[in-house]
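Numbers given in this note's numbering equal positions in the sequence shown, counted from 1, plus 97.
Glycine residues also receive a C-beta, built at the ideal position from the N, C-alpha and C atoms.
None of these values were measured; they are calculated from a predicted model.
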Amino acid sequence: MAEDTSEMTIHEACGSSKDKAFALVEVIMVRFVIYALLARVLLITLFGGIETQNILAAYVVGSLWFIIPFGVVMVTRRDRSSFGFTLRPIRRNVDRGMSAFLVLLIALMGFGILSALGWSYLEPRGAMLLTSLFSISLILVVLLIGRDDEEQEISNSSFYGDLIIIMLLLVLPILGGFVMGQLSILLVSTVIWQFVFSGFGEEAFFRGYIQSRLNEAFGRPYEVKGVNFGVGLIISALIFSISHMLNTFDLYTLTGQLAIWWGTFTFVGGLIFGLLKEWSGSIMPGGIAHGLEAFGEAIGILFS
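Here it is as structure tokens:
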């Protein structure tokens with residue numbers, strides 16, 4: 098009973114205005130000051146500058162997606178499971194992740210369409226096409242949530258089948274590269290980095306830490322298909338979107354150009370992954386769906 102009360106306090110109760118302001122300032126500072134500063138220091142110290150082409154730099158900076166949220170939870174002695182840092186129930190979460198990935202394929206196909214048309218997701222028409230497709234995926238995820246049966250047990254064959262499919266999606270591009278004589282460090286690194294760091298790392302940071310921290314303060318007073326959510330879902334998606342806009346802009350020297358259009362479809366993507374976290378209480382389904390974008394990224398390298 099005590100555990101249920103804790104969940105109610107964190108996810109559905111609403112804090113004071115002071116609590117809300119503090120939580121909002123905290124997550125903004127952690128993302129745009131602490132993370133940005135640590136990443137900058139690491140790049141300059143270890144690789145001689147932020148413009149380095151060293152492939153290891155992405156892994157060093159990407160590790161911060163894990164280190165910072167887990168560090169915050171440990172230092173503040175918060176319950177890890179309340180921040181989505183749990184695998185349980187693992188069978189259902191793997192099944193949810195694979196179901197979400199299949200729905201997300203509609204949006205991911207958009208990148209192939211852009212390539213065929215010679216469009217870029219950094220320009221209006223490309224970004225709007227992707228935003229439309231991601232919006233369709235968002236609607237389908239909501240419908241998927243409504244069809245989920247909590248009482249239905251996930252069989253061994255279904256669970257292990259999901260695991261095999263995940264492994265095949267990650268390994269097949271690498272085998273394809275070997276057969277085609279195009280196996281490269283870039284190809285292998287893309288699969289690893291996209292699945293582990295972009296997938297599970299970003300989910301740990303944006304949905305695990307940021308969204309859950311905001312839920313503590315703002316509560317989850319709204320409901321869709323039996324899943325509670327709050328403004329933390331919207332704000333975390335917005336921060337996720339802005340983070341992508343800043344990929345082409347140096348926040349400290351104010352140089353470069355904001356990738357505004359990159360922020361459109363990533364905002365909708367943030368809503369999708371955030372909803373998966375609220376649905377499951379874990380970052381695992383979002384990590385799987387997000388991370389399996391590695392398949393599309395790798396295929397793009399093979400046929401570019």
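- Query: So, is Phe292 buried or exposed, given that buried needs 16 or more other C-beta atoms within 10 angstroms?
  - Reply: buried
- Message: Restricting to Cα atoms, I'd like to know which of Ile242, Val365, Leu348 and Val321 is closest to Ile332.
- Response: Val365
- Under the three-state reduction of DSSP, which class applies to Gly145: helix, strand or coil? coil
- Is Phe370 near Arg304, with beta carbons less than 8 Å apart? For Phe370 and Arg304, yes; Cβs fall inside 8 Å.
- Query: Do you know how far the Cα of Leu260 is from the Cα of Phe275?
  - Reply: 23 Å
- Task: Compute the Euclidean distance between the alpha carbons of Ser160 and Ile398, then round it to the nearest angstrom.
- Result: 24 Å
- Since I believe Met206 is in contact with Ile262 (beta carbons under 8 Å), could you give me their beta-carbon distance rounded to a whole number of angstroms? Not confirmed; about 18 Å, so no contact.
- For Tyr218, the three-state DSSP class (helix, strand or coil): Of the three classes helix, strand and coil, the one that applies to Tyr218 here is coil, per DSSP.
- Query: Since Tyr319 sits in a beta bridge, which residues does DSSP pair it with?
  - Reply: Phe326
- Task: Alpha carbon to alpha carbon, how far is Ala197 from Asn190? Give it in angstroms, no decimals.
- Result: 10 Å
- Query: From Lys117, Phe129 and Val124, pick the residue whose C-alpha is nearest to that of Leu348; which is it?
  - Reply: Phe129
- Query: Which two residues bound the contiguous alpha helix (DSSP H) that contains Ser377?
  - Reply: Trp359 to Ser377
- Could you work out which residue in Asn253, Ile289 and Phe315 is closest to Ala120 when comparing CA atoms only? Comparing Cα positions, the closest option is Phe315.
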